[in-house]
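The listed protein sequences derive, respectively, from chains A and B.
Using my numbering, you'd call the opening residue of the first sequence number 1 and step up by one each time.
Using my numbering, you'd call the opening residue of the second sequence number 319 and step up by one each time.
Glycine is no exception: its CB is placed at the ideal position from the N, C-alpha and C atoms.
In what follows, a structure is listed as structure tokens, so that the remarks can point back to it.
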Amino acid sequence: MTQYLDFEKQLADLEGKAEELRAMAERDDDVDEQARALDQKAKQRLQTLYKNLTPWQKCQVARHPDRPHCRDYVRDLFTEYTPLAGDRNFADDHAVMGGLARLDGRAVVIIGHEKGNDTKSRLEHNFGMARPEGYRKAIRLMDLADRFGLPVITLIDTPGAYPGKGAEERGQSEAIARSTQRCLRLGVPMVSVIVGEGGSGGAVAFATANRVAMLEHSVYSVISPEGCASILWKDAEKMREAAEALRLTAQDLKRLGVIDRIIAEPVGGAQRDGRAAVAAVGEALTDLLGGFAGMDPAAIRAERRQKFVAMGAKGLAA
Amino acid sequence: MNWISNYVRPKIGSLFNRREVPENLWTKCDECGSMLFHRELAENQNVCTQCGNHMPITPRARFRALFDGGAFTEIPVTAPTPDPLQFRDQKKYPDRLRAAQRETGEKEAMLVVQGEIGRVPVVAAGQDFTFMAGSMGMYVGNAILAAATRAVERRCPLVLFSAAGGARMQEGILSLMQMPRTTVAVEMLKEAGLPYIVILTHPTTGGVTASYAMLGDVHIAEPGALICFAGPRVIEQTIREKLPEGFQRAEYLLDHGMLDRVTDRRHQREELTVILRMLLGLDPAVQADLPPPVLSNAAAVATQPAASAER
């Protein structure tokens, strides 16, 4: 069963009741009818709920543990995935996965944050929070892509770069800055999809791409709503207001011209139908990469730069 | 030096004379507590003469002490769309901006100028921590792009003084987008083969450190400056342990390989002259030949009206 979010309580009640009814009388037609009616009601409720999610609710959905993660996308969309590890300096960062793979038969370099989905794997992947080694691994993979003319695909899903002692000592800032710089230097097309949380510098270091798409209920922000609330409202509980003010939803970011495309999620969010969400991302990737056929490296680079230089000039009127 | 005699007497004197004497003649060093007379402080570019503590300095004051003859001209920066997100927290963003403009007399958190340092034409950009904590929004991005563009046009180096609490939260995602935007500016300099020197001052944090401040050809920091991505408080909360003394300070970063040098503000002019002349293939400077910078408040008054007159 799905893990319900706090704003899904009514829905949980409806779906729970339907479940109970079915369990009570397995072959009673009358009960079955009632259960179906409840199902119908729940479905409608789900639809309206997800059509009108508030920015804070979107943050909750974006962080939902059942959403497909990087490794689900890699498994379902790519063939011959060959993970490549290490930054050749210090370690292999398990918060970042990446390597060679084929998308529709075409070789690409894939890089993404992996959060893990149970306590053990979450710890192993450090909740998707990369240390400097993660960014340096990504830089190395981008070097490889550039040298052999392979497009770069990144899947973003991170609360942010890891705020740890060792991470700072080993140059978290420098690693992020270099990763952004490496993105800007790529002579191959780069496409990023924010599939969950796009957390601050940790996200932009992998998302300085020719095209950036977002799943419908994912978020992308300079700071978490909780962090923003505790600084500007002096109260972390004001995260709803902060989420509103930050304009971190895919819909607002599209209006601002920061992202290029919104990828529709199945009704009730990617966490309810992972396969459908993964497939939708796959289609978008193929389509977005297709737009760069025949472009030479200098033009690809110039296009990406120009896009970021022009970004934000019009505000919400863009 | 007995500070009381210096401290008390001028105050009493001014009472009796009823002359208009500017207030805040004395500043207390926040490190060692010494009372420093304003003229002495200005001559030392806001560095405590007792303990060497580097106190905040505005880009204008800094540039007067940096450039030959204290002379520089401002480079115009394209004004961004005001309040692009229509951001509301407890205050409206435009109100916060206006308050900062009133307090500082500056347009925004970065000043871009050109002038000569040791007879080397240079473009310089100074981030102003007194203006909304120097935070990086669209204006700062535009300023750095304007600085890089001018440096490429004039074929001269860019010297950038960083100081920021991080990204300007009131510009949300657009402040985050200044990380790639400013990196484009750095790339323009690299491609043109021009030196890009970063001087990291207290504090340089967050997205600023994680973009243009860490991409210099040479990284120089001021003594004691806090330089980090995540601030010490956030780290302490995450790892639940006390951080060692001096963690994330300039000297610590030097030790960990993130900086080339830690240099006293008062020696930066000479150091920049030496480094820039070498990088540009010029002969060593003849010290006697160099016009001195301006280390007093008199010039401060002289250069400011130009900026305020524009508004």
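Assignment of Ile375 (chain B) by DSSP, reduced to helix, strand and coil, places it in the coil class. For Lys409 (chain B), there is no enclosing alpha helix (DSSP H), as DSSP marks it with neither H nor E. At a cut-off of 8 Å between beta-carbon atoms, Gly201 (chain A) makes contact with chain B. Where Ile176 (chain A) is concerned, the enclosing alpha helix (DSSP H) starts and stops at 172 to 185. The Cβ of Ser218 (chain A) sits no closer than 8 Å to any Cβ of chain B.
Here Arg579 (chain B) has Ile538 as same chain residues with Cβ atoms under 7 Å from its own Cβ, once five neighbours each way along the sequence are excluded.
From the beta-carbon of Ser224 (chain A), no residue of chain B is found nearer than 7 Å; the closest lies around 11 Å away. When only Cα atoms are considered, Arg499 (chain B) and Lys41 (chain A) end up about 48 Å apart.
Around the beta carbon of Asp287 (chain A), fewer than 16 other beta carbons sit within 10 angstroms, so the residue counts as exposed.
The beta carbon of Gly455 (chain B) is closer than 6 Å to those of Arg486, Glu489, Ser493 in its chain, skipping five residues each way along the sequence. As computed with DSSP, Met454 (chain B) is found in a beta bridge with B:Ala485.
Taking CB atoms only, Ile491 (chain B) has a neighbour in chain A less than 8 Å away. Across the set A:Asp143, A:Gly291, A:Asn117, the C-alpha of A:Asn117 shows the shortest separation from the C-alpha of Pro65 (chain A). Non-local C-beta neighbours of Ser352 (chain B) in its own chain, meaning closer than 8 Å and more than five positions away in sequence, comprise Trp321, Lys346, Cys366, Thr367, Gln368, Cys369, ordered along the chain.
The beta carbon of Arg301 (chain A) lies closer than 8 Å to those of Leu184, Arg185, Leu186, Gly187 in the same chain, with the five residues before and after it left out. Below the 9 Å Cβ cutoff, chain A contributes no neighbours of Glu569 (chain B), its closest Cβ being approximately 13 Å away. Per the C-alpha coordinates, the member of B:Pro398, B:Gln408, B:Glu349, B:Pro439 positioned closest to Leu600 (chain B) is B:Pro439. Annotation: Cβ neighbours of Arg499 (chain B) in chain A (cutoff 9 Å, chain order): Phe308, Val309, Met311, Gly312.
Residue burial is scored here from C-beta neighbours: Asp87 (chain A) has at least 16 other C-beta atoms within 10 angstroms and is therefore classed as buried. Non-local beta-carbon contacts of Phe390 (chain B) in its own chain, meaning distances under 6 Å to residues more than five positions away in sequence, involve Phe381, Val431, Gly433 in chain order.
Using a Cβ-Cβ cut-off of 8 Å, Trp233 (chain A) counts as an interface residue toward chain B, since at least one Cβ of chain B sits closer than that to its own. With the criterion set as a beta carbon lying under 7 Å from some beta carbon of chain A, the members of the stretch 555 to 589 of chain B are Thr556, Ile557, Leu561, Gln566, His574, Met576, in sequence order. DSSP, reduced to helix, strand and coil, places Thr79 (chain A) within a strand of the structure shown. Taking Gly564 (chain B) as the centre and dropping the five residues before and after it, the same chain places the C-beta of Tyr570 closer than 6 Å to its C-beta, in chain order. No Cβ-Cβ contact shorter than 8 Å links Glu241 (chain A) with Ala250 (chain A). Residue pairing for Glu358 (chain B): DSSP places it in no beta bridge. Below the 7 Å Cβ cutoff, chain B contributes Ala548, Val552, Ile553, Thr556 as neighbours of Pro163 (chain A), in chain order. Taking a C-beta cut-off of 7 Å against chain B, none of the residues of the stretch 97 to 113 of chain A qualify. For the stretch 8 to 51 of chain A, the full-length alpha helix (DSSP H) segments reaching 4 residues or more read 9 to 24, 29 to 51 along the chain. Along the stretch 444 to 467 of chain B, the positions whose C-beta sits under 7 Å from a C-beta of chain A are Met456, Leu463, read in chain order. The stretch 193 to 202 of chain A makes contact with the stretch 147 to 166 of chain A; the number of CB pairs closer than 8 Å reaches 3 or more. For Ile139 (chain A), the enclosing alpha helix (DSSP H) covers residues 132 to 147. Just measuring C-alpha positions, the residue of A:Met190, A:Gly128, A:Glu8 sitting nearest Gly202 (chain A) is A:Gly128. By the criterion of at least three beta-carbon pairs nearer than 8 Å, the stretch 243 to 257 of chain A is in contact with the stretch 212 to 226 of chain A.
With respect to the C-alpha of Ala466 (chain B), the residue from B:Val504, B:His574, B:Pro541 having the closest C-alpha is B:Val504.
Within the DSSP bridge table, the entry for Arg261 (chain A) names A:Ala213 as partners.
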